[in-house]
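Numbering (UniProt numbering), first residue to last: 1 to 251.
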């Protein structure tokens, strides 16, 4: 089973921070608009405003609305400015997200093991905090000039006890609405047939831009598929490479 959504024009050169004069002007206009509504936005970098603009196809009004909503969400959901490990003990105990290495474009590589997600142990609110914790960790590890990450979602051993539609939709919402233009590519590997039931429920909520970054990979093609985007020295050992994975909390 293989579904391939070709990465949009290799992200149109948007993996880093490069942008043209027109976009530069829009960033300035958007900054002025959102700062008028929320003075706290004065401290954000241009690259963040740039990502929200790109997420809304350069529509300043839509991007500004999205960004102001994000700022409000951040104050409410992350009041201390960060999520501490003590706030997500159950999810960390499952040892399900790792990070190490860079792909050929310099994007950090994240590996998530779906069968280690235990929705009955913990709560939806804790899981949402865990998602924010991971995305903040990933963002902090971005090499200079880089904006996106690559994820390998490994579903080996995944069963109905791991299914968590509410959690998946919450994570998707946080990624798309609060960390736009962060995901560079998502490889989904070792996909059991029963997972497609959950996938069909989540798929309609994935925006078109994100869909183009998703690649379902057949088991026999995992290593060659990853090698197309990642050097062998940076591929996790579990997929035939040489990179040792590090738990997300230790990154």
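All residues carry an ideal CB built from backbone N, CA and C; glycine is no exception.
Excluding the 5 residues flanking it on each side, residue 150 has same chain C-beta neighbours closer than 6 Å at 103, 107, 109, 184, 185, in chain order.
By a beta-carbon distance limit of 8 Å, residue 26 contacts residue 53. Their separation comes to about 6 Å. Within the DSSP secondary-structure output, residue 236 pairs in a beta bridge with 243. In this structure the segment 136-143 does not lie against the segment 162-174, because fewer than three pairs of beta carbons, one per stretch, are closer than 8 Å.
If only complete runs of 4 or more residues are kept, the segment 124-154 shows the alpha helix (DSSP H) at 124-140, in order along the chain.
Per DSSP, the continuous alpha helix (DSSP H) segment holding residue 52 begins and ends at 46-55. Straight-line spacing of the CA atoms in residue 211 and residue 43 works out to 32 Å.
DSSP places residue 67 in the helix class (H, G or I) of the three-state scheme. Residue 118 carries a coil assignment under DSSP once its states are collapsed to helix, strand and coil. From the listed residues 49, 83, 250, 68, the smallest Cα separation to residue 127 is found for 83. Counting along the chain, residue 188 sits inside the beta strand (DSSP E) bounded by residues 183-189. Here the alpha carbons of residue 155 and residue 98 stand approximately 14 Å from one another. Excluding the 5 residues flanking it on each side, residue 85 has same chain C-beta neighbours closer than 8 Å at 92, 133, 249, in chain order. If you compare the alpha carbons of 207, 158, 197, 195 with that of residue 176, the shortest gap goes to 207.
Its Cα nearest to that of residue 217, the residue 190 stands out among 64, 79, 190. DSSP lists no bridge partner for residue 33.
Taking C-beta atoms as the reference points, residue 226 and residue 187 count as a pair closer than 8 Å. Straight through space, the alpha carbons of residue 36 and residue 74 are spaced by roughly 18 Å. Using a 10 angstroms sphere on the CB of residue 229, the tally of other CB atoms reaches 16 or more, which defines it as buried.
Residue 167 places its beta carbon less than 8 Å from that of residue 119. Close CB contacts of residue 94 within its chain, under the 6 Å cut and outside five residues either way in sequence, are with 116, 118 (chain order). Counting other Cβ atoms within 10 Å of its Cβ, residue 244 stays below 16 and is therefore classed as exposed.
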